[in-house]
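Numbering-wise (our numbering), the sequence shown opens with residue 93 and increments by one.
Yeah, the Cβ is synthetic: ideal placement off N, Cα and C, and Gly gets one too.
Note that the structure is a prediction, hence the values are computed from the model and not measured.
Report on the structure given below.
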Amino acid sequence: MRHLAIILSVLALSTQPLAAKPALRDVKSIDDAVFDVAIANEIRKNCPDISARMFRALKLYSDVKSEARDLGYTKAEIDAYADSDVEKDRLRAKGAAYFKANGVVKDDPQSYCALGRKEIEKSSRIGSLLKVK
């Protein structure tokens, strides 16, 4: 009888629904990495004096995908996050706020350069994705 109670308890626990995974946007390490790549990309596109460290960016991209897979996300879930217009709009708005807070003026390439140099100097992840030409 005791064994039956243990077996029934195990079965009851195994039929409980698994907790849903949070949206990838809510996984801070992943969302922060995607944001940093997007900021570095905007800096290098808008500053003629700064270019990308492409191998580092590709490595970070690969690491983020691996982390997501290790957390149990499928390729389809990762692709949906990467391709989502809602997520792109959210990151654009977050990026605009970041640029504004850091003195970047949209039509002033040198303001992007100043931010890029600052990020490089402080050895941030954004800075690690950039280099002065």
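With C-beta atoms as the reference, is Val-129 less than 8 Å away from Tyr-153? One-based indexing of the sequence shown puts residue 129 at position 37. One-based indexing of the sequence shown puts residue 153 at position 61. Contact flag set, yes.
What does a CB cutoff of less than 6 Å around Ser-215 pick up in its chain, not counting 5 residues either side in sequence? Translated into positions along the sequence shown, residue 215 becomes position 123. Correct list: empty, nothing qualifies.
Which residues mark the beginning and the end of the alpha helix (DSSP H) in which Ser-203 is found? Looking up residue 203 in the sequence shown gives position 111. Unbroken alpha helix (DSSP H) run through Ser-203: 201-213.
Cα-Cα separation between Ile-131 and Lys-180, rounded to whole angstroms: Your numbering for residue 131 matches position 39 in the sequence shown. Your numbering for residue 180 matches position 88 in the sequence shown. The C-alpha of Ile-131 lies about 12 Å from the C-alpha of Lys-180.
How many Å lie between Lys-157 and Met-146 at the Cα? In the sequence shown, residue 157 corresponds to position 65, counting from 1. In the sequence shown, residue 146 corresponds to position 54, counting from 1. Near 17 Å, if we compare the C-alpha coordinates of Met-146 and Lys-157.
How about Val-197 and Ile-142: are their beta carbons less than 8 Å apart? Mapped onto the sequence shown, residue 197 falls at position 105. Mapped onto the sequence shown, residue 142 falls at position 50. It is not a contact, given that the beta carbons lie outside the stated cut-off.
Verify whether the separation of the beta carbon atoms of Leu-226 and Ala-144 is less than 8 Å. The shown model of the chain, from 93 to 225, leaves out residue 226, and the question about it has no answer.
If you run the structure through DSSP and keep just helix, strand and coil, what is Ala-144? The residue you call residue 144 lines up with position 52 of the sequence shown. It is a strand residue.
Tell me, please, which residues DSSP counts as bridged to Val-224. Along the sequence shown, one-based indexing puts residue 224 at 132. Answer is Ile-142.
Could you tell me how far apart the beta carbons of Asn-138 and Tyr-204 are, in whole angstroms, since I believe they sit closer than 8 Å? Residue numbering aside, residue 138 sits at position 46 when the sequence shown is read from its first letter. Residue numbering aside, residue 204 sits at position 112 when the sequence shown is read from its first letter. 4 Å between Cβ atoms; contact.
Taking just the CA atoms, how far does Ala-112 sit from Asp-171? Counting from one through the sequence shown, the residue named residue 171 turns up at place 79. Counting from one through the sequence shown, the residue named residue 112 turns up at place 20. Each residue's Cα considered, the two are about 18 Å apart.
Can you grab the Cα-Cα spacing for the pair Glu-211 / Lys-151, in whole Å? Residue mapping note: residue 211 aligns to position 119 of the sequence shown, counting from 1. Residue mapping note: residue 151 aligns to position 59 of the sequence shown, counting from 1. Taking the straight line joining both Cα atoms gives about 19 Å.
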